[in-house]
Amino acid sequence: MPELPEVETVARGLRRAILGRRIVSVTLGKTDFIDDPVALEQHLPGRSIEAVERYGKFMLLRLSVVNGGGGVPANGDAAPASLLVHLGMTGQLAPSPAAQPCEKHTHVCMLLDDGRELRYTDARRFGRIAYLTEVPLAEELLGFGADPLEVSDVEFAQRIRGRRARIKALLLDQSVLRGVGNIYADESLWKAKIHPARLGANLSAKQAATLRRVLQEILQKAIALRGSSISDFLDAEGEPGEYQRHHRAYGREGKSCYRCKTLIRRAIVAGRSSYFCPRCQPAPRGLKVLPMPGKKRKKS
DNA sequence: CTCGATCCCTGGACGC
DNA sequence: TGCGTCCAGGGATCGA
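Just so we're on the same page, the working numbering is the position in the first sequence counted from 1, plus 90.
Right, here's the structure in full:
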């Protein structure tokens, strides 16, 4: 489940592996998660990858302007463009030798000028790929919130304490903060001793400041350990991350809290499994969060 | 504004 | 072994 640290890890790996490489040709598999598949086939070949950036959970592969020997390219690629990639739940983007058989669920193959292929595989296809020129890209990125690693104390407090939504929902909301997902939301709330169902507006200034600080510490540490590999996250070198060993809340239902030994519980908050210590992270008064609707099925 | 429900998708876990 | 069922979750969307 690639969140900010995992995406940052992949982006760093790609920078080392494919920067400056030219895309020779593109082969597509299933394309229902690609904005405009034809645009990839038309506009990627001939361009080189000039930069790899991360924006929240997105990666941005900056493409060179094509200038094939003097004239304006026939396909109009004389303007800057980027390949926007979201890994969704199960997406992987990594180079492989072209001779190596493709993994199952490989949906995009970009042959590079050094005999490798940059391949995108994604079993569930919750990811997204889009070829975008400058203006559409800028519009695309407009709606996103602050970078959690950069956000100031004041801005963080404004974005959180000005809202009556649950803090868990706010942390997951990409228009509030870009890049935080379920794992790092739960980890930071545990470390800050804040219950996920608390309302943003009800956090004290001190709690908001603590939350911002621990969120940044956790994200930095997770990046240093190359992300969390829960089920199938692999970086651009095909290696798993290590941060899952440091999880204190996420996925630890029924295990004892590292601080107080109370058993970690799970509840659905903001529509997501949320793990917390019921003692360290006291529930807000009047909380109506059904701790786990049992085996709730579709209503009959 | 905020909420929950629903859908997308497949692999893996689990029950029988 | 093999089936059926449930579940995970980021994000879009829609109705309450």
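The C-beta atom is built at its ideal place from N, Cα and C for all residues, glycine as well. For clarity, every value in this text was computed on a predicted model and none was experimentally measured.
Inset, instruction - Below 8 Å on the Cβ atoms is my guess for S154 versus S138; work out the distance and round it to an integer in Å. - result: 4 Å
Legend entry - Proximity of A220 and D125 at Cβ, strictly below 8 Å: Yes.
Legend entry - Proximity winner among P374, I320 and A275, relative to L305 (alpha-carbon distances): A275
Legend entry - C-alpha gap between V97 and T300, whole angstroms: 25 Å
Legend entry - Environment of V100 [buried if 16+ CB atoms lie within 10 Å]: buried
Legend entry - Of the residues E327, Y348, A326 and T121, the one placed nearest R335, counting alpha carbons only: If we check each option's Cα against that of R335, Y348 comes out closest.
Legend entry - Length at least 4, wholly inside the segment 110-179: the alpha helix (DSSP H) runs in chain order: 127-133, all fully within the segment 110-179.
Legend entry - Rounded straight-line distance, which links the Cα of L109 to that of S186: For S186 and L109, the distance between alpha carbons rounds to 15 Å.
Inset, instruction - Let me know the alpha helix (DSSP H) ranges lying completely inside the segment 274-323, each 4 residues or longer, listed in chain order. - result: 295-314
Inset, instruction - Would you mind stating whether Y340 and K311 have Cβ atoms separated by less than 8 Å? - result: Taking 8 Å as the Cβ cut-off, Y340 and K311 do not qualify as a contacting pair.
Legend entry - C-beta contact flag for H176 and R218 at 8 Å: Contact: yes.
Legend entry - Cα-Cα separation between R342 and P92, rounded to whole angstroms: About 19 Å.
Inset, instruction - Could you check what DSSP says for Q182 in three-state terms: helix, strand or coil? - result: strand
Inset, instruction - Alpha carbon to alpha carbon, how far is Y145 from G136? Give it in angstroms, no decimals. - result: 25 Å
Inset, instruction - Identify every residue that forms a DSSP beta bridge with R218. - result: H176
Inset, instruction - Indicate the three-state DSSP secondary structure (helix, strand or coil) for L239 in the structure shown. - result: coil
Legend entry - Sheet register partners of F366 (DSSP bridge): R355
Inset, instruction - Could you have a look at P226 and say whether DSSP puts it in helix, strand or coil? - result: helix
Legend entry - Beta-carbon proximity of K147 to L104, cut-off 8 Å: no
Legend entry - Classification of C370 by the beta-carbon crowding that lies within 10 angstroms, buried from 16 upward: buried
Legend entry - Straight-line gap, G344 to A259 (C-alpha atoms, nearest Å): 23 Å
Inset, instruction - Less than 8 Å between the CB atoms is what I'm expecting for L262 and A360, so what's the real figure, rounded? - result: 6 Å
Inset, instruction - Over the uninterrupted alpha helix (DSSP H) stretch that includes V100, give me the two end residues. - result: L94 to I108
Legend entry - Strand pairing of P407, partner residues [DSSP]: For residue 407 there is no data in the structure shown, the boundaries of the chain being 91 and 390.
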